[in-house]
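Chemist: What the sequence shown shows, in the numbering used here, is residues 2 to 180, in sequence order. Cβ coordinates follow ideal geometry from the N, Cα and C atoms, glycine included.
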Amino acid sequence: MNTVVVYTSKYGSTEKYAHWIAEALGCNAKKLSELSSEDLSNFDTVIYGGGLYAGGIAGFKKFLSKLRSTDDKTLALYMVGLTNPEMKDDYDQVADKNIPPEWKNKFKIFAFRGDQQFSRMSVLHKIMMRVPKSMAEKKPLEQRTEEDRLFIESFGKDVFFSNKDSILPLVDYINEQNK
Ligand SMILES: Cc1cc2nc3c(=O)[nH]c(=O)nc-3n(C[C@H](O)[C@H](O)[C@H](O)COP(=O)(O)O)c2cc1C
């Protein structure tokens, strides 16, 4: 089957996952900006990956506008965030918010944990990262969640959570669909 991994990545985590997935499936990984609608129409299986930014999936709207039609394509979406994928409800909410009604149920959805490269962040992103940190700091200690502690402790630091093994459910799903 003709498969492609398409991604939008600002600091490299989603890109790293795209190359791991492409290697495991024996296909190519392409930046969304490199592909036209016509290019995408040539694939039977399309996997899209986007980093999470303030609850949005980077590039996903643009991707959908290029995808145009879902005609008998196998579609998968992977989100890459700092949030632990064990917090399934958080990722479910992001998917719910970002996937328009007409595209719901067309995508098999996966969530992977990415890195935070604070040292490489733009000034705007550094400022934006202060928001969840100060919200977490305002909570009494006993009410802080694991994510609150993460935002406080990792602020200003580079932290690396990307994990190649976490792609296996996605790879298995695509292989199963393409049997
Ligand atoms: C401004 C900003 C906002 C972010 N918002 C979220 C978020 O809402 N949820 C989350 O889980 N991670 C969030 N992150 C963390 C990124 O999703 C994470 O670093 C991811 O690895 C980025 O992927 P990329 O390098 O491929 O773009 C945010 C990071 C920045 C800099």
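Out of 82, 113 and 90, point me to the one whose CA is closest to residue 172's CA.
Modeler: Position 171 of the sequence shown, counted from the start, is the residue given in the question as residue 172. When each option's Cα is compared against that of residue 172, the closest is 113.
Chemist: In the DSSP assignment, the beta strand (DSSP E) including residue 108 goes from what residue to what residue?
Modeler: On the sequence shown, residue 108 is found 107 positions in, with the first residue counted as 1. Taken as a continuous stretch (DSSP letters only), the beta strand (DSSP E) holding residue 108 covers 108-114.
Chemist: Between residue 7 and residue 20, what straight-line distance do the alpha-carbon atoms span, to the nearest angstrom?
Modeler: Counting from one through the sequence shown, the residue named residue 7 turns up at place 6. Counting from one through the sequence shown, the residue named residue 20 turns up at place 19. Their Cα atoms are separated by approximately 10 Å.
Chemist: Taking the beta carbon of residue 16 as the centre, do at least 16 other beta carbons fall within 10 Å, making it buried, or is it exposed?
Modeler: Sequence index remark: in the sequence shown, residue 16 carries index 15 (1-based). Result: buried.
Chemist: What does the Cβ neighbour count give for residue 14, buried or exposed, with the cut at 16 atoms within 10 Å?
Modeler: Translated into the one-based positions of the sequence shown, residue 14 becomes position 13. Under this definition residue 14 is a buried residue.
Chemist: Looking at C-alpha atoms only, which residue of 123, 125, 155 and 120 is the closest neighbour of residue 137?
Modeler: Locating residue 137 in the sequence shown gives position 136, where the first residue counts as 1. When only C-alpha atoms are compared, the closest one is 155.
Chemist: CA-CA distance, residue 121 and residue 139?
Modeler: The residue labelled residue 121 in the question sits at position 120 within the sequence shown. The residue labelled residue 139 in the question sits at position 138 within the sequence shown. If you take the alpha carbons of residue 121 and residue 139, they lie about 27 Å apart.
Chemist: Let me check understanding here. Comparing Cα to Cα, which of 133, 90 and 48 lies closest to residue 153?
Modeler: In the sequence shown, residue 153 corresponds to position 152, counting from 1. That would be 133, whose Cα lies nearest to the Cα of residue 153.
Chemist: Is it buried or exposed for residue 130, if we count other Cβ within 10 angstroms and need 16 for buried?
Modeler: Stepping through the sequence shown from its first residue, residue 130 is reached at position 129. So residue 130 counts as buried.
Chemist: Would the stretch 100-107 and the stretch 49-56 be scored as touching if the rule is three or more Cβ pairs under 8 Å?
Modeler: Contact fails: fewer than three Cβ-Cβ distances are below 8 Å.
Chemist: Where do the ends of the alpha helix (DSSP H) carrying residue 180 lie?
Modeler: To locate residue 180, count along the sequence shown from 1; it is residue 179. Where residue 180 is concerned, there is no enclosing alpha helix (DSSP H), given that its DSSP letter is neither H nor E.
Chemist: Looking only at its chain, what residues have a beta carbon closer than 6 Å to the beta carbon of residue 60, apart from the 5 residues adjacent to it on each side?
Modeler: Translated into positions along the sequence shown, residue 60 becomes position 59. Cβ within range, chain order: 9, 33 and 51.
Chemist: Hey, out of 94, 119, 76 and 96, whose CA is closest to residue 177's CA?
Modeler: Locating residue 177 in the sequence shown gives position 176, counting from the first residue. Residue 76 is the option with its Cα nearest to residue 177.
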